[in-house]
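Chemist: First the structure, which I've put down as structure tokens, then a few questions once you've had a look.
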Amino acid sequence: MKTANSGYLTRRLVDVAQDVIITEEDCGTVHGIEVSALVEGGETIEPLEERILGRVASEDISSTYGLVGSRKKGQEILVSAGDEI
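The sequence shown finishes on residue 85 if you use full-length UniProt numbering, and the numbering steps up by one all the way, no holes.
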């Protein structure tokens, strides 16, 4: 397979995989996935807020978007691990 063809195929597979919707409330993984805003060419295609809506947090999320273990005294936990966002 030529490099251009394999690159195109890889890009198409990634495009399709991003549209997969998990219908289980808890898929059972302990690893989780990191989600960020979808940006293409410097333009935000889909903001983070829309991408995480309905997902379940794999770790506690604090007011500084860090892990609870690294949060400083007085920072508020926004979403607890296992809770739907």
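Backbone N, C-alpha and C fix where the C-beta goes; we use that ideal spot for every residue, glycine too.
Apart from the five residues on each side of it in sequence, which residues of its chain come closer than 8 Å, Cβ to Cβ, to Arg11?
Modeler: Once the five neighbours on either side are set aside, Arg11 has no close Cβ partner at all.
Chemist: Please report how far the alpha carbon of Asp15 lies from the alpha carbon of Gly54, in whole angstroms.
Modeler: Cα to Cα, Asp15 sits roughly 20 Å from Gly54.
Chemist: With a Cβ-Cβ cutoff of 9 Å, do Glu76 and Ser62 count as a contact?
Modeler: Cβ distance < 9 Å, so Glu76 and Ser62 count as in contact.
Chemist: Considering only C-alpha positions, which residue in the set Gly7, Asn5, Arg51, Gly42 is nearest to Glu20?
Modeler: The sequence as given places Val at residue 20; Glu does not occur at that position. Of the listed residues, the one whose Cα sits closest to Val20 is Arg51.
Chemist: Starting from Glu50, trace the alpha helix (DSSP H) in both directions and tell me its first and last residue.
Modeler: From DSSP, the alpha helix (DSSP H) with Glu50 extends over 48 to 52.
Chemist: Report all residues from its chain with a CB closer than 6 Å to the CB of Ala37; omit the five preceding and five following residues, and keep chain order.
Modeler: Cβ within range, chain order: Thr44, Pro47, Leu48.
Chemist: Mapping the DSSP letters down to three states, classify Ser80 as helix, strand or coil.
Modeler: Note: Ser80 maps to coil in three-state DSSP.
Chemist: Sorted by chain position, which residues of the same chain lie with C-beta nearer than 8 Å to Val68's C-beta, five sequence neighbours on each side aside?
Modeler: Because Val68 sits at a pLDDT of 49, beneath the cut-off of 50, its placement in the model cannot be relied upon, and the following sentence gives the value as read from the coordinates. Glu59, Asp60, Ser62, Ile77.
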